[in-house]
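Visitor:
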Amino acid sequence: MLKLALDASFLEVSDIEAHLETPSYSYRTVNKLFEQNGGVKIPFIIGYDAFIDIEKWKHPEILAEKLTFIVLKRHGSVTKEDILTLKNKGFDFKIAETLDYFDVSSNEIRQKIIKNEDTTGLIDKKVREYIDEHRLY
-11 MLKLALDASF
-1 LEVSDIEAHL
9 ETPSYSYRTV
19 NKLFEQNGGV
29 KIPFIIGYDA
39 FIDIEKWKHP
49 EILAEKLTFI
59 VLKRHGSVTK
69 EDILTLKNKG
79 FDFKIAETLD
89 YFDVSSNEIR
99 QKIIKNEDTT
109 GLIDKKVREY
119 IDEHRLY
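88 is the number that this note's numbering gives to position 100 of the sequence shown; each next residue is one higher, with no gaps.
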């Protein structure tokens, strides 16, 4: 689905997770990418809402060691001040404060698909057709 949505010659879609042990935990993917990247920290884009809970993820210490987070604003109760507390806990990140964004979650999109609601402007038309054709939700 990502390949369908991107359709860009300057990006590469990795299937790394398809070859890793299950369940799929981010730290496993990060370990593999870090190794492939010669031990250089990897940029990881994440929303405020997910980042504030990063310490609850499996092996957050590995994520802190091997990632530089790019944190995107989301609507909700999490504030920049909440996020800044993670600096003192060893997480390397930058907050994308000036980036325009469209605030929608994957859960919202899945719910619209389940209810057979319109997703125009939320996901690429080719992706929606693929989801419908393979009855993914």
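No residue lacks a Cβ here, since even glycine has one placed at the ideal position from N, Cα and C. It should be emphasised that the depicted structure is a prediction, and the values quoted were computed from it without experimental measurement.
1. Count the other C-beta atoms from every protein chain shown that fall within 10 angstroms of the C-beta of arginine 123, then say buried if there are 16 or more, exposed otherwise.
2. What is the DSSP secondary structure of proline 48, counted as helix, strand or coil?
3. Am I right that isoleucine 89 and glycine 64 are in contact with their C-beta atoms under 8 angstroms? What's the rounded C-beta distance?
4. Taking its Cβ as the centre, do 16 or more other Cβ atoms sit within 10 Å of valine 18, making it buried, or is it exposed?
5. Specify whether the stretch 55 to 64 and the stretch 27 to 46 touch according to this definition: at least 3 beta carbon pairs, one from each stretch, less than 8 angstroms apart.
6. Cβ atoms of lysine 114 and leucine -8: under 8 angstroms apart, would you say?
7. Compare the C-alpha of glutamate 85 against each of Glu96, Leu72, Val92, Leu8 and name the closest.
8. Return the CA-CA distance between glutamine 99 and valine 92, expressed in angstroms with no decimal places.
9. Mind checking who isoleucine 111 pairs with in its DSSP beta bridge?
10. CB isoleucine 102 to CB tyrosine 118, shorter than 8 angstroms?
11. Starting from alanine 38 and walking both ways along the alpha helix (DSSP H), at which residues does that stretch end?
12. Using the Cα positions of aspartate -5 and isoleucine 4, report the straight-line distance between them to the nearest angstrom.
13. Per DSSP, what kind of secondary structure is lysine 103 in: helix, strand or coil?
Guide: Inspection of the coordinates gives the following:
1. Arginine 123 counts as exposed, since fewer than 16 other beta carbons sit within 10 angstroms of its beta carbon.
2. Assigned with DSSP and collapsed to three states, proline 48 falls in helix.
3. The sequence shown places tyrosine at residue 89, not isoleucine. About 13 angstroms; that fails the 8 angstroms criterion.
4. buried
5. The stretch 55 to 64 is in contact with the stretch 27 to 46.
6. yes
7. Leu72
8. 12 angstroms
9. Isoleucine 111 pairs with nothing; no bridge assigned.
10. no
11. Here the alpha helix (DSSP H) through alanine 38 covers 36 to 39.
12. 19 angstroms
13. coil
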